[in-house]
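Report on the following structure.
Put into structure tokens, the structure is as follows:
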């Protein structure tokens with residue numbers, strides 16, 4: 001019997017979806033991310049992961065966007081070996097182990113109390129890794145985190161589950177608390193109401209769970225967050241469809257992904273955005 005997970009809220013359980021997708025990728029002969037710790041974590045938990053019905057396309061996109069965010073964190077801590085890294089809503093992600101930052105870097109994982117408690121039990125501790133058990137809707141979530149060092153904040157699969165006022169508040173809190181740094185996150189572009197409604201009625205549990213928690217319809221123009229916070233400056237918009245790792249996708253999915261990258265409208269449905277402040 002694995003570690004019990006029955007006490008988590010539906011929002012906290014969304015952390016299991018990305019965890020399982022990374023675990024499935026690590027089992028492939030040619031993984032995109034190769035996060036074997038994710039698979040080890042899955043093996044420790046008492047949870048019906050197979051019940052998600054995770055599709056191959058979700059595994060590929062989840063692994064690739066995690067790799068893209070890892071690459072941006074590595075670049076930042078290479079330039080700033082005394083940096084602070086903050087993983088917003090990081091759940092059970094083992095990014096600090098994958099990136100292996102310099103010893104002077106402090107890495108903070110911010111997530112809800114239930115997930116944070118579980119993280120303490122299943123993710124191997126590191127001297128430079130810290131857990132902040134807090135809701136990002138609470139402006140005090142930044143209090144335990146140093147403010148006077150270059151800071152890299154990342155969010156993977158987070159903002160779609162929040163409302164716009166909460167997202168705007170998070171961005172405001174970032175620029176109020178931290179002196180300088182970057183914010184990078186994955187984005188799905190503008191998601192219409194019909195697409196969000198369809199998720200709730202899709203037969204796979206994965207889509208039902210995601211659809212029931214989806215909170216924000218998104219935006220087309222990557223400059224839109226600059227209107228929320230003038231301190232944010234867009235410095236990168238990169239579509240997953242253009243990344244070399246797409247060559248590792250299975251044949252039909254690889255062709256479809258490359259084809260979707262030919263259109264700006266479809267390419268922005270899977271992108272990494274990075275802002276400087």
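Residue numbers (UniProt numbering): 1 to 277.
For each residue, glycine too, the CB sits at the ideal point set by N, CA and C.
Because the structure is a prediction, the values reported are computed rather than measured.
- Within the DSSP secondary-structure output, residue 46 pairs in a beta bridge with 4.
- Taking the C-beta atoms as reference points, residue 110 is found nearer than 8 angstroms to residue 136.
- Contact between residue 66 and residue 187 fails: their C-beta atoms lie close to 14 angstroms from each other, not under 8 angstroms.
- The beta carbons of residue 148 and residue 130 sit no closer together than 8 angstroms.
- Rounded to whole angstroms, the Cβ separation of residue 12 and residue 114 is 5 angstroms, and the two are in contact under 8 angstroms.
- Taking the Cβ atoms as the reference, residue 275 lies roughly 7 angstroms from residue 182, within the contact range of under 8 angstroms.
- Per DSSP, residue 182 is one residue of the beta strand (DSSP E) stretching across 181–187.
- Remark: C-beta atoms of residue 3 and residue 48 do not approach each other more closely than 8 angstroms.
- Under DSSP, residue 233 shares a beta bridge with 276.
- Beta bridge pairing from DSSP links residue 239 with 271.
- Leaving aside the five residues that flank residue 76 on each side, the residues in its chain whose CB is nearer than 7 angstroms to its CB run, in chain order, 83, 152, 182.
- For residue 118, the uninterrupted alpha helix (DSSP H) segment begins and ends at 113–122.
- Checking the DSSP bridge columns, you'll see residue 130 partnered with 108.
- The segment 27–37 makes no contact with the segment 232–239, as fewer than three CB pairs between them are under 8 angstroms.
- Between residue 217 and residue 173, the CB-CB gap reaches or exceeds 8 angstroms.
- Looking at the DSSP output, residue 87 sits in a beta bridge with 109, 154.
- Between residue 220 and residue 190, the C-beta spacing is below 8 angstroms.
- If you look at residue 17, you'll find it in the alpha helix (DSSP H) that goes 10–26.
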